[in-house]
Each structure stands twice: as C-alpha cells, then as structure tokens.
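Novice: The following block contains the structure, expressed as structure tokens.
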Amino acid sequence: MAFQVKRGEGDVTVVDVDGQLIVGNRQELKQTVLDELEKGERKFLVDFTHTGYIDSSGLGVLVSLSKKIREQGGELRLSSLNEDLRTLFELTKLDTLFRIADSREEGLENF
Amino acid sequence: MDGSPDFIAEPMERELVFELPNDLLCIEEAVEFVLARCSTCEEVARKLRLNFRVSLVEALSNAMIYGNGRDPDKRVRLEVTMMTGRVTARVTDQGTGFDPQCIPDPTTPDNLCREGGRGLFLMRKLMDEVHYNDQGNSVTLVLHTAGPESFRGEARA
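Heads up: the sequence lines are chains A and B, in that order. Position one of the first sequence corresponds to residue 1 (my numbering), numbered consecutively onward. Position one of the second sequence corresponds to residue 1001 (my numbering), numbered consecutively onward.
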C-alpha cells in the first residue's frame, strides 16, 4: 500500500507516502485524506520520509487537499522532504504555501 | 505484451526508441528503463535522477493526458538519444497539439493554489532546452550532462 494512515500525537492524522506520489496514485492519497476529513479529522501531516519522487500531479493534489482542509478549518503540513523533493517545492514556490518540517517530530510540534 | 511498453529498436548504441500505450501506469517502467541505460559518472547522477527524470515523466504524462486525451487506442512515441555531454528525449503524441505559450506561470499568486499547470513549468526549469514542434504535439527535451554549468534547478532555486 502506498499510503499509511496513522494517528500521531494528539489529534493529528499522519499519512506516510511510501515510494512515489505520482499521476498514477494521486487519487488514492486524495481519497484517503478526504475520507479522514469526512470523519471529522482536521489536522494532517503528510510525511515523505520514504518517498523517492513526486511529480507535478502529486504536487497538485497536495495543493488541492490543503485548500479543502483549510476550508474545513484545518491544516495540512508536510515533513521529511529529501533534497530532490525540496527542490521541486522551491522551484514551484509551493514551499511558501505549506508549512514544511524537517522531521515528523518537528511537524507534530505545536500542531 | 498488451499494456507494456513496446521496445521497438536500439538502432545505435546510445539511442532508444519506444512506442508506449496511452497508459499512465507505463510511465514509470519506461522511465526506469531509460535511466538504467544512462551510464554516468557521479557528477551528473543527480541531474539524471531529478532533472531528466522529472521532465521525462511530465512530458509523458502530458502526452497521454492532454495530447492523446487519455484515449487508450492512441500511442506515445519516446525517442531518447544519449551522447557525450547531453541527453535528448523527444516525446510525441497523436493529438492535435497545443500552444505552449498559452500555459500561465504557476508560481504567480493567482495561480499558486491551482491544482494543475506545473508540468511544463518544471520541464523548462529543469532542462537546458525545451522545444515544441510547430503542431505542438511533440516536445524535445535536452539536458547538458557536462560542462561548467552546475545543477540547473538548484542554481535557479
């Protein structure tokens, strides 16, 4: 399974992305998070510790989810981007749109 | 085999030609196949892993989704040429083409929150050259793998 949903500290829902977030599986992540949002969850941390690659559609689905979560009064944070992934966020200026933590622990702090 | 990339020929030592089914699930296999044959030294490894890989995936995705309109009966042609100092990939779909000048900058405040529109932008940022044919259904990507210029995306970020 590419996406693992876990309960983090407190009421934060942590989603691990294993492998890749690309055009072929982005809908699975979107539905996974929207299902949790529907259940009443509002704080999300997507962790990329085990992610090798994100394409533009993967970036797009994160933007879309962030917007939907904000509309419900929640927040989507990201953590543990490797050097390549961080470069993609910086090139597209999406590093200005998300709160990006260096580690999962940092992402969970003061959430 | 149905649903798999159809490797047509390897006419020269460093040239690969594919006809891919219009199936997004084939992209990863095709890109990994190409990257595995890009013998390289350490200094250009990141350029291939990030710049070339990202751009090739975006070009193939655009060809299948927008160019061919997700039509499973259409194909995408991929031609990769590896030469000393540069790698070139040409991706051609069977659509009517589009005007690449019409794609807005996804990093402006008005566009930053849009879900789509970053594929061509990333190609232009990460590759040394991006050329479309007049019809707009074939894109050629060129990455310089030697020379004094450092990693392009990093230098511009």
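Glycine residues also receive a C-beta, built at the ideal position from the N, C-alpha and C atoms. Predicted, not measured: the structure shown is a model, and the values here were computed from it.
From the DSSP output, read off the bridge partner residues of B:T1088.
Specialist: For B:T1088, which the question treats as bridged, DSSP gives the partners B:T1081 and B:V1142.
Novice: Is it buried or exposed for A:N25, if we count other Cβ within 10 angstroms and need 16 for buried?
Specialist: Buried is the call here.
Novice: May I ask which residues mark the beginning and end of the beta strand (DSSP E) holding A:S57?
Specialist: Careful: A:S57 lies outside any beta strand (DSSP E), inside the alpha helix (DSSP H) at S56 to E71.
Novice: So A:T32 contacts chain B; which residues on that side make the cut at Cβ distance below 9 Å?
Specialist: Near A:T32 there are no residues of chain B at all, since even the closest Cβ is about 17 Å away, more than 9 Å.
Novice: Does any residue of chain B bring its CB to less than 9 Å from the CB of A:Q20?
Specialist: Yes - at least one Cβ of chain B is within 9 Å of the one on A:Q20.
Novice: Taking buried to mean at least 16 other C-beta atoms within 10 Å of its own C-beta, is B:P1109 buried or exposed?
Specialist: Its Cβ having fewer than 16 others within 10 Å, B:P1109 is exposed.
Novice: Spell out whether any CB of chain B is found under 9 Å from the CB atom of A:D102.
Specialist: For A:D102, the answer is no, since every Cβ of chain B falls outside 9 Å of its Cβ.
Novice: Tell me which residues share the same chain as B:P1148 and place their Cβ nearer than 6 Å to its Cβ, disregarding the 5 neighbours each side in the sequence.
Specialist: Note on B:P1148: pLDDT 46, under 50, position unreliable in the model; no value is reported.
Novice: Step through the CB atoms of chain B and report whether any lies within less than 9 Å of the CB of A:S80.
Specialist: It does not: the Cβ of A:S80 has no partner Cβ on chain B nearer than 9 Å.
Novice: Which whole-angstrom value is the C-beta distance of A:L59 and B:R1118, which I expect to be below 8 Å?
Specialist: At roughly 6 Å, the Cβ-Cβ gap stays under 8 Å, so A:L59 and B:R1118 are in contact.
Novice: Would B:R1114 pass as an interface residue toward chain A - the criterion being a Cβ-Cβ separation below 9 Å?
Specialist: Yes, B:R1114 counts as interfacial toward chain A.
Novice: So, do the stretch 1102-1116 of chain B and the stretch 1049-1067 of chain B have three or more beta carbon pairs nearer to each other than 8 Å?
Specialist: The answer is no - the stretch 1049-1067 of chain B does not touch the stretch 1102-1116 of chain B, with fewer than three Cβ pairs under 8 Å.
Novice: Just list the alpha helix (DSSP H) runs in the stretch 1097-1145 of chain B, keeping only unbroken ones of 4 residues or longer that don't cross its boundaries, in chain order.
Specialist: Within the stretch 1097-1145 of chain B, the complete alpha helix (DSSP H) runs of at least 4 residues are 1119-1126.
Novice: Which residues of chain A have a Cβ atom closer than 8 Å to the Cβ of B:R1049, listed in chain order?
Specialist: Per Cβ cutoff of 8 Å: D84.
Novice: Compute the Euclidean distance between the alpha carbons of B:A1063 and A:E9, then round it to the nearest angstrom.
Specialist: The straight-line gap from Cα to Cα measures roughly 43 Å.
Novice: When you check each C-beta in the stretch 1050-1077 of chain B against every C-beta of chain A, which residues fall closer than 8 Å?
Specialist: Against chain A - using a Cβ distance shorter than 8 Å - the residues of the stretch 1050-1077 of chain B are L1050, R1053, V1054, V1057, E1058, S1061 and I1065.
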